[in-house]
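A.B. asks:
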Amino acid sequence: MAEQHVQGMSVAVIKNYRIEWAEGFGLANAKSSAKVSRHTKFQAASISKPIAALAALKLADQGLVDLDTDINNYLSAWQLNYESFSTDQKVTLRHILSHTSGLTVDGFPGYQRGSVYPSDIEILNGQGNTAPVTLGTAPGKEMRYSGGAYTVMELLIEDVAKQSFDSYMAQQILGPLGMKQSTFAQPLPKQQWPQVSAAFDAQGKQLEGDWHGYPEQAAAGLWTTPTDLAKYIIAVQNAVAKRQQTILQAPSVKQMLTPQIGGWGLGPNLSETNSGQVFKHSGKNAGFTNEFIAYSATGDGLVIMANSDGAGPVIEELKLAISAHYGWDLAEAMVIEPSSLNNKFEVAIAGDYVFEQDANLVMSISKAADTYQVHDRTNNERFYFVPTNSDELTNIESGSRIKLTTNEAGQLSGFVWAGRYRFLKQQ
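For the sequence shown, position 162 (counting from the first letter as 1) is numbered 166 according to the working numbering, and the numbering increases by one without interruption.
(1) DSSP three-state label for ALA16, please.
(2) If we ignore side chains and look at the alpha-carbon of each, how far apart do HIS216 and ALA363 end up?
(3) With distances taken between CB atoms, is the gap from ALA222 to GLU158 smaller than 8 Å?
(4) Roughly how many angstroms separate the alpha carbons of LEU71 and ALA153, rounded to a whole number?
(5) If ALA298 sits next to GLN241, beta carbons under 8 Å apart, how far is it from one beta carbon to the other, in whole angstroms?
(6) Going by DSSP, what residues sit across from VAL390 in a beta bridge?
(7) Using a Cβ-Cβ cut-off of 6 Å (strictly less than) and excluding sequence neighbours within five positions of SER186, which residues of its own chain qualify?
(8) List the whole-angstrom C-beta distance separating GLN190 from PRO230, where the pair is believed to meet the contact cut-off of C-beta under 8 Å.
(9) Determine the DSSP secondary structure at GLY267, reduced to helix, strand or coil.
(10) If we count the other Cβ atoms within 10 Å of its Cβ and call it buried at 16 or more, is SER3 buried or exposed?
(11) Going straight from the alpha carbon of GLN131 to that of PRO122, what length do you get?
(12) Around the Cβ of VAL120, are there at least 16 other Cβ atoms within 10 angstroms (buried) or fewer (exposed)?
(13) Quick one: is HIS99 buried, meaning 16 or more other Cβ sit within 10 Å of its Cβ, or exposed?
(14) Within the continuous alpha helix (DSSP H) that includes HIS99, where are the two ends?
(15) DSSP state of VAL10, grouped into three classes?
(16) Is ILE55 helix, strand or coil when you go by DSSP?
(17) Starting from ASN294, trace the alpha helix (DSSP H) both ways and give me its first and last residue.
(18) What does DSSP give as the partner residue(s) for GLU27 in the beta ladder?
(19) Give the secondary structure of ASP356 by DSSP, where H, G and I count as helix, E and B as strand, and everything else as coil.
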């Protein structure tokens, strides 16, 4: 933790359908010297999405929505404009939950504590700090990670349930799951401030205002603990094993864990190991880095939450250690097989790249011997990658990947980091 300037972490391990152990480590707040405990709340970041997905699935169970119907049929105050994109296929909740909606806006940078938050409609119209949410690709054709799509779903849930998103989630999802330390409330109520961790940058410095707020609640706004996330995981595992009734009907759980285009389920990401299917999700907000991974068919899994931008390598090491200790294959030592970039990419790759959703976030790529250095100029972090395909680079520490993208002329136009963060090359 010290080597990566990680101030605090919290871990929960699930074994045989129960929480085997949960523990906090390190510092929660440098100003107050508060320590992390198993009860300290962290921002779940994108792990908010699979929890929020339960709301859409529950509404479908109740017959209030259909997962394969045009979302505009359920939206009242805002409608998705299809006129700007030629397609007969309409966006559905199934598309949104599996990141195949084609909707834009990958993620959100958050707002300083004390800021006036935009409404969902203002966010969708580009009146917050991100671009408008529009159709970027045809629905149902490819996997395109979209936090913007989940914000559309958030508004849809409010329209159908006729109550605020955070109150619906508290009453219908978090409460029944026993996630008593969790809330989607944004901004975070003042009485809960002493219960949460501050956020820290990659150098271990506490963020100004202690943390950012995320009015994009379904996409990034959940405050929770590893113990509470473990309760969600166990509920899913119990449903699969038919051990216990959950908040969802069995067919919905089956759909949730059925791979769609790109390997995503309806909420969680899915993959296969030698021991069977796993469901998982990672999360990254300003100053928070998290991950959960668990087997679908057995009652085992783990949750790791950290209050640092630089916690990725530590999380990977913890996953390996926990998995090895329990004889699981949830994480395995990374093996990278170097390759070569296509010549046109090798020639053109050096330069600056700007994050599609925030022009202040700039990455520079340069060649360094047999590796490529990616310099996060905004946060002054450096990452080292090697080519692992003709259009792909892999981080030698974390295993995260950069996929190079081209324009219509076949020229390098940018890259997508970790399958979700789009950067555009500057000329």
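The beta carbon of each residue, even a glycine, is placed where N, CA and C say it ideally should be.
Owing to the predicted nature of the structure, the values given are computational and were not obtained by experimental measurement.
C.D. replies: In this structure, then:
(1) As a position in the sequence shown, residue 16 is number 12, starting the count at 1. Strand, per DSSP.
(2) Translated into positions along the sequence shown, residue 216 becomes position 212. Translated into positions along the sequence shown, residue 363 becomes position 359. Roughly 18 Å between the two C-alpha positions.
(3) Here the question's residue 222 lines up with position 218 in the sequence shown. Here the question's residue 158 lines up with position 154 in the sequence shown. Yes, these two residues count as a Cβ contact at 8 Å.
(4) As a position in the sequence shown, residue 71 is number 67, starting the count at 1. As a position in the sequence shown, residue 153 is number 149, starting the count at 1. Cα to Cα, LEU71 sits roughly 14 Å from ALA153.
(5) Within the sequence shown, the letter at position 294 stands for residue 298. Within the sequence shown, the letter at position 237 stands for residue 241. Yes, they are in contact, since the Cβ atoms of ALA298 and GLN241 sit about 7 Å apart, within 8 Å.
(6) Numbered from 1 along the sequence shown, position 386 holds the residue referred to as residue 390. BP columns for VAL390 point to THR398.
(7) As a working mapping, residue 186 is identified with position 182 in the sequence shown. Counting only Cβ-Cβ distances below 6 Å, and skipping sequence neighbours, we find LEU178, THR228 and ASP232.
(8) Counting from 1 along the sequence shown, the entry for residue 190 is found at position 186. Counting from 1 along the sequence shown, the entry for residue 230 is found at position 226. Actually they do not touch by this definition, with Cβ atoms about 21 Å apart.
(9) Taking the first residue of the sequence shown as position 1, residue 267 is located at position 263. It is helical.
(10) The requested residue 3 is not part of the displayed model; the chain covers only 5 to 431.
(11) Your numbering for residue 131 matches position 127 in the sequence shown. Your numbering for residue 122 matches position 118 in the sequence shown. Approximately 7 Å between the Cα atoms of the pair.
(12) For the purposes of this step, residue 120 is taken as residue 116 along the sequence shown, with counting starting at 1. Counting Cβ neighbours within 10 Å, VAL120 comes out exposed, since fewer than 16 surround it.
(13) Translated into the one-based positions of the sequence shown, residue 99 becomes position 95. With 16 or more Cβ atoms within 10 Å of its Cβ, HIS99 is classed as buried.
(14) Here residue 99 is taken as the residue at index 95 of the sequence shown, counted from 1. From DSSP, the alpha helix (DSSP H) with HIS99 extends over 97-101.
(15) Taking the first residue of the sequence shown as position 1, residue 10 is located at position 6. Three-state DSSP puts VAL10 in coil, outside helix and strand.
(16) One-based indexing of the sequence shown puts residue 55 at position 51. Helix.
(17) Taking the sequence shown and counting its residues from 1, one reaches residue 294 at position 290. Run containing ASN294: none in the alpha helix (DSSP H); it sits in the beta strand (DSSP E), 292-299.
(18) The sequence position of residue 27 within the sequence shown is 23, counting from 1. DSSP lists VAL15 as partners of GLU27.
(19) Within the sequence shown, the letter at position 352 stands for residue 356. Here ASP356 sits in strand by DSSP.
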